[in-house]
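As you go down the protein sequences, you meet chains P and Z in turn.
When the first sequence is numbered by my numbering, its final residue is 257 and no position is left out of the sequence of numbers.
When the second sequence is numbered by my numbering, its final residue is 382 and no position is left out of the sequence of numbers.
Here is the structure we will look at.
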Amino acid sequence: MPDKYICEVVYNEQLADDVHSIKIVNKELTSQARPGQFIHIKCGNERLLRRPISISSITGAAMDVVFEVKGEGTLWLSKCEVGSPVDIIGPLGNGFTIPDGNLIVVGGGIGVPPLLFAAEAAKGVVTAILGFRNKDRVILIDAFEKECSSVHITTDDGSLGAHGAVTVPLTKLLDDNPHSAVIACGPQAMLKAVAKLCIAKDVSCQVSLEEKMGCGVGACLVCVCETSVMGTPDMSRVCVEGPVFEATDIAWGEQ
Amino acid sequence: MVNLNIDFAGVKFKNPIITASGTFGFGREYSAYYDLSQLGGICVKGLTLNPRLGNKPPRIAETAMGMLNSVGLQNPGVKGFIRDELSFLRQYKTVVIANISGNTVDEYAQMAQMLSDAGVDMLEVNVSCPNVKAGGMQFGTSQEGVASVTQAVKASSNIPVMVKLSPNVTDIAQMAKAAEESGADAVSLINTLLAMRIDTATRRPMLYNNVGGLSGPAIFPVAVRMVWQVAQVVKIPILGMGGVMTGDHAVEMMLAGASLVGVGTACFDNPYAPIDVIKGIEEYMVKNEVHAASELIGKVILN
Ligand SMILES: Cc1cc2nc3c(=O)[nH]c(=O)nc-3n(C[C@H](O)[C@H](O)[C@H](O)COP(=O)(O)OP(=O)(O)OC[C@H]3O[C@@H](n4cnc5c(N)ncnc54)[C@H](O)[C@@H]3O)c2cc1C
Ligand SMILES: Cc1cc2nc3c(=O)[nH]c(=O)nc-3n(C[C@H](O)[C@H](O)[C@H](O)COP(=O)(O)O)c2cc1C
Ligand code: FES
Chain P
3 MPDKYICEVV YNEQLADDVH SIKIVNKELT SQARPGQFIH IKCGNERLLR RPISISSITG
63 AAMDVVFEVK GEGTLWLSKC EVGSPVDIIG PLGNGFTIPD GNLIVVGGGI GVPPLLFAAE
123 AAKGVVTAIL GFRNKDRVIL IDAFEKECSS VHITTDDGSL GAHGAVTVPL TKLLDDNPHS
183 AVIACGPQAM LKAVAKLCIA KDVSCQVSLE EKMGCGVGAC LVCVCETSVM GTPDMSRVCV
243 EGPVFEATDI AWGEQ
Chain Z
80 MVNLNIDFAG VKFKNPIITA SGTFGFGREY SAYYDLSQLG GICVKGLTLN PRLGNKPPRI
140 AETAMGMLNS VGLQNPGVKG FIRDELSFLR QYKTVVIANI SGNTVDEYAQ MAQMLSDAGV
200 DMLEVNVSCP NVKAGGMQFG TSQEGVASVT QAVKASSNIP VMVKLSPNVT DIAQMAKAAE
260 ESGADAVSLI NTLLAMRIDT ATRRPMLYNN VGGLSGPAIF PVAVRMVWQV AQVVKIPILG
320 MGGVMTGDHA VEMMLAGASL VGVGTACFDN PYAPIDVIKG IEEYMVKNEV HAASELIGKV
380 ILN
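As structure tokens, then:
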């Protein structure tokens, strides 16, 4: 069962400008965690609301989360010293459904980390397409290379890998290999483009969404996104029905 | 052993702590964390006659020691609640309070009758939701509005009726009096304070709905003041809420005049908040040799 756990920070590393990776230890928490799930972190006593961060990797009782410093909460987290306790609720959310066959993971920017856990858990051939703003923002490539049979990098400015959007290599991969399943995490515009492409090609696609959260457990209804299942509009909770949704269930036109 | 029991408008509560409407869903989520029978009562998410999808996101914005929400009463409707949620809540030995919002006086009356027949223990009549155009606050900001809704709900139900008051008025005590004179068995306060935040980078409001309701520790002193003011003018009991995070806060609410205390936003910080608040009240009582929680109600010593 998800619960409130006090975990110990055992490692804190800066991966790029403003991007940090911290490793926390708590056996109960890690033993339940599935790829695509997130944890709800109390970032100090000065802020009322917790911050949701995806699980990036699990090794035994240790869990990695990788995050970008956006505001005060993530700044606090980036300064967590080794040995200090953090108050976490988790693991939360539904997580990815890892397919048996070939998997393509598509990530953009700070959406890349949770795909590593998915790649670790996958049994079939995994291909990664990872997009970043420029070469200085590139993270976790070594880790992905260990878990994936091939890793394609794109940057917005062409400073590393292919110049342009992740949908370019994705289109080619799907043309060559139409039976793969796609899971994607990243900025809304990227997710929309990936979803449209997969829907057009009739490829199974799961996307991991973000929305501002209160409780994180399904009780307050602040974290909803617009969904449409079989044509019926609904407001689904990103913290419970998500963060992972079938691309076909999202009301993309509205966003 | 301290006695935490509270007799409130004829309903027996095992302790003074109620989960505040809209912050605790229909109890299912937090039932995974602890036995809901430990709670004095559960006030469910605000219900409307027909199901509602609520407002578009973003529905939440953080502010110093508080938060704004603009959920807009997303709920499965009264029928959906009775069909899918009520029997789940009934497994627990705790008081079940249904919170209702209507577009018209007649809708309030219909909902009151359906819920009273379905066997909920008590009604909380929301005339104070800042997040929907009709329903909510339009009734709660005039004495006539409060009176007409209260009378209609009383006439169509046979369970105790509590009216939830809006803090977005000049004189909340007058609203409480209007509720009492119209037959309300209790009042609850406060609902959220109408508020706004703007993102300076985009120059857009942080909430899609532009404005929303402020809750959490930021509103606690306002809530204490309003509970105290209302306690001066009504004889019916008060459920006090707004920013309660600890047992000591709950005691403060009771000293101001509340018989029961709601815990809402605190749950987002800590799922165990209602349980911890109950423990905190007990600790205060033991330390201060208070034998019955009811002895705290309205016992502020004024200067
Ligand atoms: C399911 C989920 C998983 C996430 N995983 C990651 C991850 O692995 N790595 C990572 O860097 N970021 C992740 N995010 C985004 C992360 O939660 C925000 O960047 C973070 O909350 C910002 O907090 P802050 O105090 O630094 O920023 P501020 O802007 O000061 O935050 C103000 C408020 O807005 C909320 N908020 C701001 N941006 C977001 C956002 N994008 N999503 C949700 N809430 C937001 C904050 O939680 C806080 O309540 C995830 C979000 C969700 C919903
Ligand atoms: C996310 C959210 C949803 C709410 N929904 C309702 C509601 O449906 N009906 C209602 O009467 N009050 C609602 N409220 C108000 C609370 O019940 C309570 O009056 C208020 O939040 C103050 O208490 P708190 O600071 O402890 O949260 C809501 C509050 C929040 C934060
Ligand atoms: S954050 Fe409360 S329901 Fe999702």
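Just so it is clear, CB atoms sit at the ideal spot from N, CA and C, and this is done for glycine as well.
Contact test: residue i Cβ vs ligand 2 heavy atom, cutoff 6 Å
{"i": "residue 344/Z", "result": "yes"}
{"i": "residue 40/Z", "result": "A question about residue 40/Z goes unanswered here, because the residues of chain Z that appear run from 80 up to 382."}
{"i": "residue 241/Z", "result": "no"}
{"i": "residue 271/Z", "result": "yes"}
{"i": "residue 101/Z", "result": "yes"}
{"i": "residue 332/Z", "result": "no"}
{"i": "residue 148/Z", "result": "yes"}
{"i": "residue 62/P", "result": "no"}
{"i": "residue 245/Z", "result": "no"}
{"i": "residue 320/Z", "result": "yes"}
Any non-hydrogen atom of ligand 3 closer than 6 Å to residue i Cβ
{"i": "residue 126/P", "result": "no"}
Proximity of residue i and residue j at Cβ, strictly below 7 Å
{"i": "residue 161/P", "j": "residue 187/P", "result": "no"}
{"i": "residue 203/P", "j": "residue 254/P", "result": "no"}
{"i": "residue 132/P", "j": "residue 100/P", "result": "no"}
{"i": "residue 26/P", "j": "residue 43/P", "result": "no"}
{"i": "residue 157/Z", "j": "residue 121/Z", "result": "no"}
{"i": "residue 128/P", "j": "residue 105/P", "result": "yes"}
{"i": "residue 246/P", "j": "residue 28/P", "result": "no"}
{"i": "residue 268/Z", "j": "residue 244/Z", "result": "yes"}
{"i": "residue 225/Z", "j": "residue 197/Z", "result": "no"}
{"i": "residue 87/Z", "j": "residue 316/Z", "result": "yes"}
{"i": "residue 79/P", "j": "residue 45/P", "result": "yes"}
{"i": "residue 192/P", "j": "residue 244/P", "result": "no"}
{"i": "residue 93/P", "j": "residue 190/P", "result": "no"}
{"i": "residue 249/P", "j": "residue 197/P", "result": "yes"}
{"i": "residue 141/Z", "j": "residue 199/P", "result": "no"}
{"i": "residue 130/Z", "j": "residue 95/Z", "result": "no"}
Cutoff 7 Å: residue i Cβ touching any chain P Cβ
{"i": "residue 108/Z", "result": "yes"}
{"i": "residue 102/Z", "result": "yes"}
{"i": "residue 190/Z", "result": "no"}
{"i": "residue 148/Z", "result": "yes"}
{"i": "residue 137/Z", "result": "yes"}
{"i": "residue 295/Z", "result": "yes"}
{"i": "residue 347/Z", "result": "yes"}
{"i": "residue 275/Z", "result": "no"}
{"i": "residue 413/Z", "result": "What the structure shows of chain Z is the stretch from 80 to 382, and residue 413/Z is not part of that stretch, so it cannot be assessed."}
{"i": "residue 144/Z", "result": "yes"}
{"i": "residue 133/Z", "result": "yes"}
{"i": "residue 111/Z", "result": "yes"}
{"i": "residue 153/Z", "result": "yes"}
{"i": "residue 223/Z", "result": "no"}
{"i": "residue 141/Z", "result": "yes"}
For residue i: DSSP bridge partner residues
{"i": "residue 212/P", "result": "Partner(s): none; residue 212/P has no beta bridge."}
{"i": "residue 5/P", "result": "92/P"}
{"i": "residue 292/Z", "result": "148/Z, 273/Z"}
{"i": "residue 219/P", "result": "Per DSSP, none; premise fails for residue 219/P."}
{"i": "residue 56/P", "result": "40/P"}
{"i": "residue 69/P", "result": "22/P"}
{"i": "residue 167/Z", "result": "In DSSP, residue 167/Z forms no bridge with anything."}
{"i": "residue 142/Z", "result": "145/Z"}
{"i": "residue 217/Z", "result": "DSSP, once it has assigned bridges, lists no residue as partnering residue 217/Z."}
7 Å Cβ cutoff, residue i in contact with chain Z
{"i": "residue 232/P", "result": "no"}
{"i": "residue 51/P", "result": "yes"}
{"i": "residue 192/P", "result": "no"}
{"i": "residue 222/P", "result": "yes"}
{"i": "residue 122/P", "result": "no"}
{"i": "residue 137/P", "result": "no"}
{"i": "residue 216/P", "result": "yes"}
{"i": "residue 8/P", "result": "no"}
{"i": "residue 257/P", "result": "For residue 257/P, the predicted model reports a pLDDT of 46, less than 50, meaning its position is unreliable; a value from the coordinates is still stated below. Not an interface residue."}
Check: residue i C-beta below 6 Å from any heavy atom of ligand 1
{"i": "residue 118/P", "result": "no"}
{"i": "residue 136/Z", "result": "no"}
{"i": "residue 120/Z", "result": "no"}
{"i": "residue 40/P", "result": "yes"}
{"i": "residue 169/Z", "result": "no"}
{"i": "residue 76/P", "result": "yes"}
{"i": "residue 141/Z", "result": "yes"}
{"i": "residue 112/P", "result": "yes"}
Around ligand 3, Cβ to any heavy atom closer than 6 Å, ordered along the chain: 215/P, 216/P, 217/P, 218/P, 220/P, 221/P, 222/P, 223/P, 224/P, 225/P, 239/P, 241/P
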